[in-house]
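Enquirer: What follows is a structure written as structure tokens; I'll ask about it next.
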Amino acid sequence: FWFIADKSGAGERGSRGIIATLGPDGKPSRIVVIYTTGSQATMDERNRQIAEIGASLIKHW
């Protein structure tokens, strides 16, 4: 199972970000930061984009 601890946020100018510690086998092994800004996308679209980036990180771990 994966260990995941995260803090997310959003702000002006279409900003969206998340910082997390995660790793396989229930052990946090990396700190990951995803941050986007200047987007015209809706919050739902930005959330989906971050989820896709996160899924790709796990897939290619």
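Those letters in the sequence shown? Residues 1 to 61, per my numbering, in order. Ideal Cβ placement from N, Cα and C applies to all residues, glycine included. Note that the structure is predicted; figures quoted are calculated from it, not measured.
1. Express the C-alpha separation of L57 and F1 in angstroms, rounding to a whole number.
2. Would I18 pass as a contact of I31 if the rule is Cβ separation under 7 angstroms?
3. Should R16 go down as buried or exposed, given a rule of 16 or more other Cβ atoms within 10 Å for buried?
4. Considering only residues of the same chain and omitting the five flanking positions on each side of E52, which have a CB-CB separation below 7 angstroms?
5. I'd like to know if S8 contacts chain B, where contact means its C-beta is closer than 7 angstroms to some C-beta of that chain.
Expert: Walking through what the data contain:
1. Here residue 1 is taken as the residue at index 1 of the sequence shown, counted from 1. Here residue 57 is taken as the residue at index 57 of the sequence shown, counted from 1. Cα to Cα, the separation comes out at about 15 angstroms.
2. For the purposes of this step, residue 18 is taken as the residue at position 18 of the sequence shown. For the purposes of this step, residue 31 is taken as the residue at position 31 of the sequence shown. The answer is no: Cβ separation not under 7 angstroms.
3. Residue mapping note: residue 16 aligns to position 16 of the sequence shown, counting from 1. It counts as buried.
4. On the sequence shown, position 52 is the one that residue 52 refers to. Excluding residues within five positions, none has a Cβ falling inside 7 angstroms.
5. In the structure shown, chain B does not exist; there is a single protein chain.
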